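Participant:
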Amino acid sequence: MNTPTLRRRSLLGAPEGWSEAVHPVLRQVYAARGVLHPGQAEHRLRHLLAPQALGGLDRAVALLIEAIEGDWSIVIAGDYDCDGATGTAVAVRGLRLLGARRVHYVIPNRFVHGYGLSPALVASLEPAPQLIVTVDNGVASVAGVAAAKARGIRVIVTDHHLPGERLPAADALVNPNVLEVRACGHGEPACESCASDARMNQGFPSRALAGVGVVFYLLLAVRAELRGRGAFAAGREPDLGSLLDLVALGTVADLVPLDFNNRVLVEAGIHRIRSGRACPGITALVEAGRRSLAGVCASDLGYAVGPRLNAAGRLEDMRLGVECLLTDDPVQARALAERLSAINQERRDLQEAMVAEAEAMIGALGLEGMGERTGVSLYEPTWHAGVVGLVASKLKERLHRPVIAFAPADEDRPDELRGSARSIAGFHVRDALAAIDARLPGLIERFGGHAMAAGLSLKAADYPRFAEAFDVIAREWLDEERLQAVLYTDGELPPGTFTLDLARQLRDGGPWGQGFPEPLFDNLFECAQWRLMGERHWRLSLRDPRDGAVHEAVMFNVRASAPPPRLRAVYELTINEWQGRESARLLVRHVEPA
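Letter by letter, the sequence shown follows residues 1 to 594 of the working numbering.
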């Protein structure tokens with residue numbers, strides 16, 4: 001295991017203009033993230049970026065309005081993760097609010113159709129719709145879009161993934177990360193209209209939108225155009241704000257950076273949930289995760305709600321998740337949430353077994369062997385393709401190396417492997433796969449993704465050659481400094497500040513998440529008392545030697561046998577709710593002897 005080096009965040013400027021009601025610790029936390037004055041933390045919807053700068057919207061809006069006014073049959077083609085499921089629900093609900101009457105959706109089965117808008121998925125659409133709108137996929141679906149066009153189906157691609165060398169020949173493409181069009185639908189240099197849309201995208205200030213955020217922006221633009229045409233009677237304009245709980249969930253669960261624009265979206269969605277105005281499905285999923293609706297925060301969406309939806313796409317059928325998000329019947333929503341929770345428990349058990357097998361592989365290599373390997377590839381023929389991404393994530397955290405875990409694509413195709421990659425800062429894993437593909441053409445059959453996560457397919461016989469190539473490029477791109485795990489903290493909490501008031505301010509000061517990390521503190525403590533909860537969790541009483549105050553703490557999934565008597569703990573100051581009462585509690589993330 002790569003033991004992290006502790007570093008304290010530096011302030012990126014001097015805080016100014018804050019009310020005395022804002023705790024000095026929160027002001028310091030903000031300043032370490034570049035938020036220096038109150039306006040930068042005012043996550044109000046009026047500060048949301050306008051859609052007009054998002055390239056591709058004009059053609060997509062015109063086509064959608066034509067479809068709505070012409071009563072076309074529309075199919076939303078989603079994805080089998082939480083971002084895809086929430087984005088599908090946003091698209092279906094939103095288009096219905098805007099007047100579309102024949103809107104349906106399809107989610108690919110990863111074991112039958114593969115990823116995204118594939119030719120197999122297009123062939124399964126009977127009868128053929130008049131329009132397909134992709135959500136959270138499509139920028140790499142060159143063959144799938146071509147198959148749809150061959151059937152006379154119009155296609156709008158909405159996506160946020162990075163493009164490949166060719167773009168699909170869609171009727172419209174909306175993606176904040178398509179910064180330049182390298183080819184139009186004919187495979188030739190970009191036509192004038194494509195290049196125009198690309199130049200527009202270069203002006204969009206937030207490239208961090210999740211797939212659900214992109215389709216939400218498209219709906220905003222459609223409503224604005226309809227408003228300008230006088231389509232809505234006075235007081236009858238559709239409230240697209242009712243979709244923000246779904247937007248928040250998909251944005252947090254997809255681990256996109258929470259830049260200011262995404263924080264605006266997430267905070268608005270969290271406010272809807274806390275105020276009891278979420279859709280029945282999200283309400284049921286929050287309750288199934290034993291979280292408080294009134295106090296829900298971004299981490300609850302990421303750790304309790306998102307995994308329940310993702311589990312359906314990993315092990316069974318994501319349509320269960322989408323139906324949970326689309327139903328307006330609370331009884332049906334609770335039944336679906338319970339079913340999703342059961343699938344999630346199955347996923348957790350399977351993940352635990354697979355991670356144990358992966359760790360055994362690492363152990364068999366020996367610490368010296370792993371020290372010699374920079375890019376780590378793991379493959380086990382009995383692994384489940386829907387869970388390998390979670391295995392890669394766990395091993396990446398423990399080794400602080402980019403990791404790709406592979407499994408057979410399905411039982412009928414044991415000769416084809418699906419891999420899921422997770423990376424560390426400084427190693428853009430999607431670009432690494434592109435570099436391997438350029439060096440060894442044909443080795444990788446398909447790939448796509450982001451800087452920190454990607455997916456790929458290859459032949460089982462080619463796995464050893466790929467594993468070697470991945471290690472080689474990781475060695476080239478990563479130096480020793482990048483390979484040392486670093487845990488950043490916001491420094492020590494002063495004596496007397498371990499209060500419920502500060503815990504509440506920290507909780508509500510977010511939303512915290514990817515790119516805008518939750519406040520973490522580190523202090524020296526004496527372990528006054530501890531006991532096991534279950535098999536791997538600690539309940540601790542930690543004494544602050546500065547003033548003798550004892551603070552209750554918990555630490556989950558501990559690998560050590562016992563805490564040291566004197567220790568430095570890295571922790572979050574959180575709120576513990578028990579029998580209707582709230583108290584401050586430390587959630588310990590890391591411990592080392594002091």
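All C-beta atoms in this analysis are idealised placements derived from N, C-alpha and C, irrespective of residue type, glycine included.
Owing to the predicted nature of the structure, the values given are computational and were not obtained by experimental measurement.
Taking contact to mean at least 3 C-beta pairs separated by less than 8 Å, is the region 340-354 in contact with the region 312-329?
Facilitator: Yes, since at least three Cβ pairs between the region 340-354 and the region 312-329 fall closer than 8 Å, the two stretches touch.
Participant: Does residue 488 get closer than 7 Å to chain D when you measure Cβ to Cβ?
Facilitator: In the structure shown, chain D cannot be found, because there is only a single protein chain.
Participant: Return the chain-ordered ranges of every beta strand (DSSP E) run that is complete within the region 2-71 and spans a minimum of 3 residues.
Facilitator: For the region 2-71, whole beta strand (DSSP E) runs of length 3 or above, ordered along the chain, are 5-8.
Participant: Below 8 Å on the Cβ atoms is my contact criterion, and I expect residue 265 with residue 247 to pass it. Report the Cβ-Cβ distance as a whole number of Å.
Facilitator: So it is a contact: roughly 5 Å between Cβ atoms.
Participant: Residue 470 by DSSP, collapsed to three states: which one?
Facilitator: In the structure shown, residue 470 sits in a helix (DSSP, three-state: H, G or I).
Participant: By DSSP's criteria, residue 74 is part of a beta bridge. Which residues make up the other side?
Facilitator: According to DSSP, residue 74 bridges with 103 and 131.
Participant: Please classify residue 389 as buried or exposed, where buried requires at least 16 neighbouring CB atoms within 10 angstroms.
Facilitator: Residue 389 is buried by the Cβ-count criterion.
Participant: Excluding five sequence neighbours on each side, which residues of the same chain lie with their C-beta closer than 7 Å to the C-beta of residue 546?
Facilitator: Counting only Cβ-Cβ distances below 7 Å, and skipping sequence neighbours, we find 495.
Participant: For residue 567, which residues of its own chain have a beta-carbon under 7 Å away from its beta-carbon, when the five flanking residues on both sides are left out?
Facilitator: The residues are 525, 527, 591, 592, 593 and 594.
Participant: Run through the DSSP bridge pairs and tell me what residue 425 is partnered with.
Facilitator: For residue 425, which the question treats as bridged, DSSP gives no partner whatsoever.
Participant: One question on the structure: do residue 522 and residue 32 come within less than 7 Å of each other, judged by their Cβ atoms?
Facilitator: No, Cβ-Cβ distance for residue 522 and residue 32 is not below 7 Å.
Participant: How big is the Cα-Cα spacing for residue 563 and residue 7?
Facilitator: Cα to Cα, residue 563 sits roughly 22 Å from residue 7.
Participant: By how many angstroms is the C-alpha of residue 46 removed from the C-alpha of residue 53?
Facilitator: For residue 53 and residue 46, the distance between alpha carbons rounds to 16 Å.
Participant: From residue 381 to residue 357, what does the alpha carbon distance come to, in whole angstroms?
Facilitator: Roughly 12 Å separates the two Cα atoms.
Participant: Buried or exposed for residue 518, going by 16 or more other Cβ atoms inside 10 Å?
Facilitator: When all chains shown are included, residue 518 counts as buried.
Participant: Leaving out five residues on either side along the sequence, give the residues of the same chain with a beta carbon under 6 Å from the beta carbon of residue 515.
Facilitator: If we look at residue 515 and ignore the five residues flanking it on each side, its Cβ neighbours are 257 and 258.
Participant: Pick helix, strand or coil for residue 296, following the three-state DSSP scheme.
Facilitator: Residue 296: coil per DSSP, three-state reduction.
Participant: Tell whether a beta-carbon distance below 7 Å holds between residue 471 and residue 375.
Facilitator: A contact, by the Cβ cut-off of 7 Å.
Participant: When DSSP labels each residue in this structure, what does residue 437 get in the three-state scheme?
Facilitator: DSSP places residue 437 in helix when its eight states are reduced to three.
Participant: Under the three-state reduction of DSSP, which class applies to residue 447: helix, strand or coil?
Facilitator: Of the three classes helix, strand and coil, the one that applies to residue 447 here is strand, per DSSP.
Participant: Under the assumption that residue 86 contacts residue 249 (Cβ atoms under 8 Å), give the Cβ distance between them as a whole number of angstroms.
Facilitator: Contact holds; Cβ gap of about 5 Å.
Participant: Below 7 Å CB to CB, which residues in the same chain sit around residue 99 once its five sequence neighbours on both sides are set aside?
Facilitator: 68.
Participant: Tell me, to the nearest whole angstrom, how far the beta carbon of residue 103 is from that of residue 134; I am working on the premise that it is less than 8 Å.
Facilitator: Contact flag wrong, Cβ pair sits at about 14 Å.
Participant: Check whether the region 117-130 touches the region 81-96, taking contact to mean three or more Cβ pairs, one atom from each stretch, closer than 8 Å.
Facilitator: No contact exists between the region 117-130 and the region 81-96.
Participant: Hey, quick one: how far does the beta strand (DSSP E) through residue 497 stretch, first residue to last?
Facilitator: That residue, residue 497, is in no beta strand (DSSP E); it is neither H nor E in DSSP.
Participant: My output table needs one value for residue 477: the three-state DSSP class, helix, strand or coil.
Facilitator: In this structure, residue 477 counts as helix in the three-state DSSP scheme.
Participant: If you drop the 5 nearest sequence neighbours on each side, which residues of the same chain put their C-beta closer than 6 Å to that of residue 207?
Facilitator: Cβ neighbours of residue 207 beyond the five flanking positions: 176 and 177.
Participant: For a test of the three-state rule: what should DSSP assign to residue 582, helix, strand or coil?
Facilitator: Correct three-state label for residue 582: strand.
Participant: When the Cα atoms are used, what is the spatial distance from residue 605 to residue 465?
Facilitator: There is simply no residue 605 to check, as the chain begins at 1 and stops at 594 in what is shown.
Participant: Would you mind working out which of 316, 174 and 344 sits nearest residue 59, comparing C-alpha positions?
Facilitator: Of 316, 174 and 344, the residue nearest in Cα terms is 174.
Participant: Is the beta carbon of residue 458 sitting closer than 7 Å to the one on residue 417?
Facilitator: A contact, by the Cβ cut-off of 7 Å.
Participant: If you drop the 5 nearest sequence neighbours on each side, which residues of the same chain put their C-beta closer than 8 Å to that of residue 5?
Facilitator: Contacts found: 484, 485, 486 and 487.
Participant: Rounded C-beta distance between residue 404 and residue 421? I'm assuming under 8 Å.
Facilitator: With 8 Å as the limit, residue 404 and residue 421 qualify as a contact, their Cβ atoms being about 4 Å apart.
Participant: For residue 106, which residues in the same chain have their Cβ closer than 8 Å to its Cβ, ignoring the five residues on either side in sequence?
Facilitator: Closer than 8 Å at Cβ, skipping near neighbours: 75, 76, 77, 78, 121, 124 and 125.
Participant: Shortest alpha-carbon distance to residue 550 belongs to which of 502, 535, 498 and 531?
Facilitator: It is 498.
Participant: Beta strand (DSSP E) containing residue 541: first to last residue?
Facilitator: Note, residue 541: beta strand (DSSP E), 537-543.
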